[in-house]
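Under the working numbering, residues 20 to 257 are what the sequence shown spells out, in order.
Down below is the structure, laid out as structure tokens.
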Amino acid sequence: MENNKKIAASVSKGLLQSEELYRYVLETSVNPREPEPLKELRDVTAGHPMAVMVTAPDAGQLMTMLLKLVDVKKTIEVGVFTGYSLLLTALTIPEDGKIIAIDLNRDSYEIGLPVIKRAGVDHKIDFREAEALPVLDQLLKDNENEGSFDYAFVDADKVNYWNYHEMLMKLLKVGGVVVYDNTLWGGSVAMPEEQTPEIFKSDRQATLEFNKLLAGDARVQLAHVPLGDGITVCMRIY
Ligand code: SAH
Ligand code: CA
């Protein structure tokens with residue numbers, strides 16, 4: 020768990036100009052507006068050894084804004100963990116909205132599920148305990164799914180981000196948005212290779228390659244935003 024602590028220390032610093040400034044933004048604009056059920060979900064996850072994986076509240080605030088701006092009804096989430104980003108999405112989309120939520124591990128989802136149920140939004144969630152790639156592949160086999168999703172949030176195994184992207188470019192409608200999380204990978208993307216802590220190395224490499232491919236992808240409008248551990252917002256433009 021030593022590794023998790025190191026990652027936590029690096030991520031919790033935030034990537035804004037300074038720790039003080041990050042704290043200021045959280046205290047002033049983010050924390051007072053974080054919905055109660057999301058606070059609760061953060062609390063029930065706090066004791067988990069991997070609690071550091073929960074989406075940062077400032078990144079969550081921007082995601083909520085995007086969900087509203089795009090008027091999202093139908094969405095995909097890859098990487099649920101205890102459900103912070105999932106609950107945020109479920110709270111934001113309309114009553115008849117739907118989320119296909121995929122994670123290898125149902126146990127962690129079940130930690131957050133009572134909070135999601137109490138918030139009265141579990142009917143919007145279709146949870147699939149599975150590897151994400153085959154699920155996306157299966158969705159694509161049904162022609163009706165092509166170009167039908169308004170939004171996706173990808174927050175799972177970094178090595179597959181480009182594979183997810185290729186599939187999501189077919190599943191999302193033109194004008195749809197996909198958000199990728201951890202695209203600055205603890206700040207390691209800007210570290211010289213030899214100074215990079217061993218624990219960051221393999222996903223650092225995957226993230227570097229992904230970011231480069233994404234920057235060259237004419238199918239998307241892109242914004243690489245240094246919130247949380249870095250999020251990249253892409254809109255499918257054709
Ligand atoms: N979005 C979550 C955090 C996700 S953490 C939140 O806001 O709290 C990453 C999750 O991705 C873990 O729960 C892990 O089980 C899942 N995961 C990793 N590899 C995966 C894969 N290949 N397919 C599906 N889920 C995967
Ligand atoms: Ca993440």
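Glycine residues also receive a C-beta, built at the ideal position from the N, C-alpha and C atoms.
Comparing the CB of residue 145 with every heavy atom of ligand 4, is any distance shorter than 6 angstroms? Absent from the structure shown: ligand 4. Ligands present: ligand 1 and ligand 2.
Pick helix, strand or coil for residue 192, following the three-state DSSP scheme. Strand, per DSSP.
Between the CA atoms of residue 131 and residue 56 - distance to the nearest angstrom: Rounded to the nearest angstrom, the two C-alpha atoms are 10 angstroms apart.
Apart from the five residues just before and just after residue 91, which ones in its own chain have a Cβ nearer than 6 angstroms to its Cβ? So the list reads 112, 169 and 170, once near-sequence residues are dropped.
Coarse secondary structure for residue 78, derived from DSSP in three states: In the three-state scheme derived from DSSP, where H, G and I count as helix and E and B as strand, residue 78 is classed as helix.
Are at least three pairs of beta-carbons, each pair with one atom in the segment 227 to 234 and one in the segment 201 to 208, less than 8 angstroms apart? Taking 8 angstroms as the limit for Cβ pairs, the verdict is that the segment 201 to 208 does touch the segment 227 to 234.
For residue 69, which of helix, strand or coil comes out of DSSP? Note: residue 69 maps to coil in three-state DSSP.
Taking 8 angstroms as the threshold, find out whether the segment 148 to 163 comes into contact with the segment 180 to 188 through three or more Cβ pairs. Cβ pair count under 8 angstroms is three or more, so yes.
Pick out whichever of 66, 81 and 65 has its Cα sitting closest to the Cα of residue 16. Because the chain here runs from 20 to 257, residue 16 falls outside it and cannot be looked at.
What is the DSSP secondary structure of residue 229, counted as helix, strand or coil? The three-state secondary structure of residue 229, taken from DSSP, is helix.
Cβ neighbour criterion (16 or more within 10 Å) applied to residue 221: Flag for residue 221 reads exposed.
Pair every Cβ in the segment 68 to 80 with every Cβ in the segment 99 to 111, then say whether three or more of these pairs are closer than 8 angstroms. By the C-beta criterion, the segment 68 to 80 is judged to be in contact with the segment 99 to 111, since at least 3 inter-stretch pairs fall below 8 angstroms.
Buried versus exposed call for residue 47 [16 or more other C-beta atoms within 10 Å across all chains shown]: In this structure residue 47 is exposed. Its beta-carbon is surrounded by fewer than 16 other beta-carbon atoms within 10 angstroms.
Which same chain residues end up closer than 6 angstroms to residue 253 when comparing Cβ atoms and leaving out the 5 residues on each side of it in sequence? Its chain contains 197, 239 and 241 as the residues whose beta carbon lies nearer than 6 angstroms to that of residue 253, once the 5 sequence neighbours on both sides are disregarded; these appear in chain order.
Reducing DSSP to helix, strand and coil, say where residue 209 ends up. Note: residue 209 maps to helix in three-state DSSP.
Residue 193 classed as buried or exposed, judged by whether at least 16 other C-beta atoms fall within 10 angstroms: Exposed, because fewer than 16 other Cβ atoms sit within 10 Å of the Cβ of residue 193.
With a cut-off of 5 angstroms, give the chain-ordered residues whose Cβ is closer than this to any heavy atom of ligand 1. The set, ordered by position in the chain, is 72, 73, 74, 98, 100, 103, 104, 122, 123, 124, 150, 151, 174, 175 and 176.
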